[in-house]
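Q: Dumping the structure here so I can ask a few things about it.
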Amino acid sequence: MADTLKLTTSAAKRVAWIAEKQSKPAILRLSVEGGGCSGFQYKFDLAEAAEGEDSVSETDGVKLVVDPVSLDLVSGSVVDFVESLGGAAFRVENPNAAAGCGCGSSFGI
Numbered sequence: 001m002a003d004t005l006k007l008t009t010s011a012a013k014r015v016a017w018i019a020e021k022q023s024k025p026a027i028l029r030l031s032v033e034g035g036g037c038s039g040f041q042y043k044f045d046l047a048e049a050a051e052g053e054d055s056v057s058e059t060d061g062v063k064l065v066v067d068p069v070s071l072d073l074v075s076g077s078v079v080d081f082v083e084s085l086g087g088a089a090f091r092v093e094n095p096n097a098a099a100g101c102g103c104g105s106s107f108g109i
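Mapping to full-length UniProt numbering: the sequence shown position 17 is 17, numbers consecutive.
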């Protein structure tokens, strides 16, 4: 279990709900890709299982998995699920991000 990443209770509940609706395991994969308005962007997917070198953390029975390359960019982050007037979305509170954008889905180092 990784101490470097955390999934909030709110995010865990939302992942569990989505996974149940799609008849999939409650495993959220967070990865980082090049692109977005600030250089990198977060990508979320439901995973069938953790891969060999993935970092895995767990909250309320829901797993958060991150590949080693992405982990370098998101180490120490907290993944939350936020609902507001602008909509509902997963948010990454990333202490490594030097810049961000208004949409909250991309960042710069």
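For glycine and all other residues, C-beta sits at the position ideal for the given N, C-alpha and C.
1) To the nearest angstrom, how far is the alpha carbon of residue 193 from that of ARG29?
2) DSSP three-state call for SER10: helix, strand or coil?
3) Take the Cβ of MET1 as the centre, count every other Cβ of all protein chains shown within 10 Å, and call the residue buried at 16 or more, exposed below.
4) How would you label LYS63, buried or exposed, when you count the other beta carbons within 10 angstroms and need 16 or more for buried?
5) Helix, strand or coil, according to DSSP, for ALA89 in the structure here?
A: Taking the geometry as given:
1) Since the displayed the chain opens at 1 and closes at 109, residue 193 lies outside it and no answer follows.
2) Taking the sequence shown and counting its residues from 1, the one referred to as residue 10 is at position 10. Here SER10 carries a helix assignment [DSSP, helix/strand/coil].
3) On the sequence shown, position 1 is the one that residue 1 refers to. Residue placement at MET1 is flagged as unreliable, the pLDDT there being 41, under the threshold of 50; a coordinate-derived value is accordingly withheld.
4) Within the sequence shown, the letter at position 63 stands for residue 63. Its Cβ being crowded by 16 or more others within 10 Å, LYS63 is buried.
5) Walking along the sequence shown from the start, residue 89 turns up at place 89. DSSP, reduced to helix, strand and coil, places ALA89 within a strand of the structure shown.
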